[in-house]
Amino acid sequence: MNKEQRDFLKDSVRKRVDFSRTGQSRGVPEPPWQKPTPAGSPTVSLPAAGNWNVPACDLREAIARRQSHRRFLTLPLSLDDLSFLLWAAQGLRQAASPRQNFRTVPSAGCRHALETYVAAMRVQGLDKAIYRFLPHGHSLVKVKGFDRLESLLSEATFGQRFCGDAAATFVWTAVPERMEWRYAEASYKVIAIDAGHACQNVYLACAAVGCGACAVAAYDQARMDELLGVDGDEEFAIYLAAVGKVQSEPS
């Protein structure tokens, strides 16, 4: 038993934080809500909410049938499918100004310290590549293309082949500065909680588009960060979910 590690799950840290010294309290400008898009980077507009070809889904049934899937069909995701799943994971609930960041999932203090990446293996209209989702603008920016993306993903998740067999694998990264600006040392537990909110929304949204998902928390940190092109310090991978089409069950 390691009591120090267990303390991460408690909120005792809040009594030790001097909130008068946070960036917010000192008048430091808040970090941007999403990473800037590098100049000249190719972007892909996603179908907007309300324009998806996504059937209605009974929420009670989706919750009751929620399970992890590690075997996927070879069918691709449509761009509508991906757009809907990304919106469910981190989408904006309304047109946003720089002061509005209300999303489809809760976040401590509305800080939303996550970025969502997609390793697209089989998505109609997309090259095989790593993309980053831009909630403000509901679009994708291409990070880097890979010929061996499937095997690289499997290798970066300690041989979990289904991460490469999926049509797409979502990878959430943490950008701690966004949360630290308000909560200092009390940030880290709630960042992890936020990742759980996003992943569960993907699980439930998958039911509407004939997909299944499997959450993954076991991965090679350095290799995954390198695959995403993040520095591993100011931004690093925190959670994954493999997504693909699955055989429909008889009703």
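Take 10 as the starting number for the sequence shown in our numbering and just add one per residue. Note that beta-carbon positions come from the ideal geometry of N, C-alpha and C, so glycine has one too. Quantities reported herein were computed from a predicted structural model and do not represent experimental measurements.
What are the boundary residues of the alpha helix (DSSP H) that W96 is part of?
L88 to Q99
Where DSSP assigns a beta bridge to R102, which residues make up the other side?
Looking at the DSSP assignment, R102 forms no beta bridge with any residue, so it has no partner.
Please name the residue, chosen from G118, V63 and K151, that lies closest to A193 on a Cα-to-Cα basis.
G118
Using only alpha-carbon positions, find the residue among P56, M233 and K254 that is nearest to G134.
P56
Which same chain residues, not among the five before or five after L161, have their C-beta less than 7 angstroms away from its C-beta?
F155 and L236
Alpha helix (DSSP H) segment containing S196, residue limits:
S196 to C215
Buried or exposed: which applies to Q256, given that a residue is buried once 16 or more other Cβ atoms fall within 10 Å of its Cβ?
exposed
Mark A250 as exposed unless 16 or more other C-beta atoms lie within 10 angstroms of its C-beta, in which case mark it buried.
buried
Which stretch, first to last residue, makes up the alpha helix (DSSP H) that contains C172?
F171 to D174
For P40 versus E244, is the C-beta distance shorter than 7 angstroms?
no
List the whole-angstrom C-beta distance separating Y248 from C215, where the pair is believed to meet the contact cut-off of C-beta under 8 angstroms.
Wrong, their Cβ atoms sit about 16 angstroms apart, outside the cutoff.
Measuring only the C-alpha atoms, how far is S260 from E70?
For S260, the predicted structure reports a pLDDT of 38, less than 50, and the residue's modelled location is therefore unreliable. A value from the coordinates is still provided. Cα-Cα distance, rounded: 11 angstroms.
Using only CA atoms, which one of F81, W181 and A217 lies nearest to G241?
W181
If you count every other CB in all the chains shown that lies within 10 Å of the CB of E13, and 16 or more means buried, which is it?
exposed
Along the chain, where does the alpha helix (DSSP H) that runs through W190 open and close?
P185 to Y192
For Y228, the residue or residues it bridges with in DSSP:
Y228 is not bridged to any residue.
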